[in-house]
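Be aware that the sequence shown starts at 1, since it is given in UniProt numbering, and climbs by one per residue. Yeah, the Cβ is synthetic: ideal placement off N, Cα and C, and Gly gets one too. Written below as structure tokens is the structure these notes are about.
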Amino acid sequence: MNPPPASAGAGYVAAPAPTEHASYPRLSPEDLAPPPPPAYHAAASYSAPPVSGGNPYVSGPAAGSVPPPKNTMDSVKDVLGKMGKRFGEAARKTENITGNFWQHLKTGPSIADAAMGRVSQITKVIAEGGYEKIFHQTFDVLPEEKLKKPFACYLSTSAGPVMGVLYLSNVKLAFCSDNPLAYKVGDKNEWSYYKVAIPLAQLRSVNPSTSRTNAAEKYIQVVSVDNHEFWFMGFVYYDNAVKHLQEALQEARILQA
Numbered sequence: 001m002n003p004p005p006a007s008a009g010a011g012y013v014a015a016p017a018p019t020e021h022a023s024y025p026r027l028s029p030e031d032l033a034p035p036p037p038p039a040y041h042a043a044a045s046y047s048a049p050p051v052s053g054g055n056p057y058v059s060g061p062a063a064g065s066v067p068p069p070k071n072t073m074d075s076v077k078d079v080l081g082k083m084g085k086r087f088g089e090a091a092r093k094t095e096n097i098t099g100n101f102w103q104h105l106k107t108g109p110s111i112a113d114a115a116m117g118r119v120s121q122i123t124k125v126i127a128e129g130g131y132e133k134i135f136h137q138t139f140d141v142l143p144e145e146k147l148k149k150p151f152a153c154y155l156s157t158s159a160g161p162v163m164g165v166l167y168l169s170n171v172k173l174a175f176c177s178d179n180p181l182a183y184k185v186g187d188k189n190e191w192s193y194y195k196v197a198i199p200l201a202q203l204r205s206v207n208p209s210t211s212r213t214n215a216a217e218k219y220i221q222v223v224s225v226d227n228h229e230f231w232f233m234g235f236v237y238y239d240n241a242v243k244h245l246q247e248a249l250q251e252a253r254i255l256q257a
């Protein structure tokens with residue numbers, strides 16, 4: 001069972017974010033044109049939306065955002081070793097972590113490229129001082145806003161799964177692709193990070209689901225109060241993600257009561 005793409009029904013476009021929070025876009029097949037894949041990452045094989053001011057729920061790339069640096073072979077080996085140790089320790093504590101990580105790699109178009117992409121992201125996190133700093137650099141945040149949890153995963157789109165990180169703060173749920181994606185502007189290719197940001201107050205439901213034909217394929221459907229759907233998949237820590245997202249939804253409802 002494949003989840004419906006997050007893009008069904010509307011064209012995703014990049015536009016200036018509101019002053020208090022960034023919004024969320026939608027993709028359509030006609031907006032998508034595959035870019036040439038970077039040598040170090042396969043997630044950029046799906047394209048980003050063209051710019052338009054017609055959708056108030058859309059956010060464009062953060063100012064100053066740049067592609068993750070290409071790693072030398074030594075740094076790649078070093079990070080692979082650290083990542084292997086990290087997941088090895090987690091596997092002893094959580095029975096399904098190995099299966100989840102394998103499924104995470106299989107979700108992308110290439111297992112090898114997905115692994116290298118995850119290494120590239122971990123290297124970026126280390127170099128830039130952690131997920132908290134990256135979150136604040138990537139999204140418009142409120143003064144009191146704090147990052148609670150980051151989750152490595154994919155966002156389902158009409159062009160295929162886009163690899164990135166899902167961020168949960170005390171204000172919003174936000175996703176940013178690991179790499180900038182290409183889109184057409186006339187005859188030229190432009191590049192933009194693919195981002196989604198949904199205020200917690202605008203969440204209607206967080207629904208976990210599993211494929212009927214393959215129990216390893218697990219998804220989280222996020223629905224906004226105005227009926228925009230987003231499907232996230234390929235989580236390394238799926239159960240943990242479900243727990244924290246559902247808790248955030250309940251807390252948001254209590255605050256609105």
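8 angstroms Cβ cutoff met for residue i and residue j
{"i": "W231", "j": "Q246", "result": "no"}
{"i": "V165", "j": "E145", "result": "no"}
{"i": "L168", "j": "H228", "result": "no"}
{"i": "I198", "j": "L173", "result": "yes"}
{"i": "M233", "j": "C153", "result": "yes"}
{"i": "V236", "j": "Y194", "result": "no"}
{"i": "L155", "j": "Y131", "result": "no"}
Residue burial classification, residue i (beta-carbon count within 10 angstroms, cutoff 16)
{"i": "P150", "result": "buried"}
{"i": "S205", "result": "exposed"}
{"i": "residue 264", "result": "No answer is possible for residue 264: the residues shown for the chain start at 1 and end at 257."}
{"i": "A257", "result": "exposed"}
{"i": "V196", "result": "buried"}
{"i": "T210", "result": "exposed"}
{"i": "P25", "result": "In this predicted model, P25 has a pLDDT of only 43, less than 50, meaning its place in the structure is not dependable; the value taken from the coordinates is given anyway. P25 should be labelled buried."}
{"i": "D226", "result": "exposed"}
Residue i versus residue j - alpha carbon distance
{"i": "D31", "j": "K188", "result": "Its pLDDT being 38, under 50, D31 is placed unreliably by the model, and the measurement read from it follows with that caveat. Taking the straight line joining both Cα atoms gives about 14 angstroms."}
{"i": "S158", "j": "L203", "result": "22 angstroms"}
{"i": "L208", "j": "Y219", "result": "According to the sequence shown, residue 208 is Pro rather than Leu. Rounded to whole angstroms, P208 to Y219 spans 6 angstroms at the Cα level."}
{"i": "F135", "j": "N214", "result": "33 angstroms"}
{"i": "L142", "j": "A248", "result": "17 angstroms"}
{"i": "D239", "j": "Y183", "result": "34 angstroms"}
{"i": "E251", "j": "G186", "result": "45 angstroms"}
{"i": "I254", "j": "V242", "result": "18 angstroms"}
{"i": "Q137", "j": "E217", "result": "32 angstroms"}
{"i": "F139", "j": "R212", "result": "36 angstroms"}
{"i": "E190", "j": "V223", "result": "30 angstroms"}
{"i": "N179", "j": "G160", "result": "15 angstroms"}
{"i": "K133", "j": "S192", "result": "20 angstroms"}
Per DSSP, the bridge partner or partners of residue i
{"i": "F151", "result": "L166"}
{"i": "E229", "result": "V223"}
{"i": "P161", "result": "S156"}
Residue-level contact to chain B via CB, residue i, 8 angstroms cutoff
{"i": "F175", "result": "No chain B appears in the structure shown, which is made up of a single protein chain."}
Closer than 7 angstroms: residue i CB and nearest the ligand FAD heavy atom
{"i": "L203", "result": "This structure does not include the ligand FAD; it has no bound ligands of any sort."}
Task: Runs of beta strand (DSSP E) wholly within the region 168-226 (minimum 3 residues, chain order) - done: 172-185, 188-199, 203-210 and 218-224
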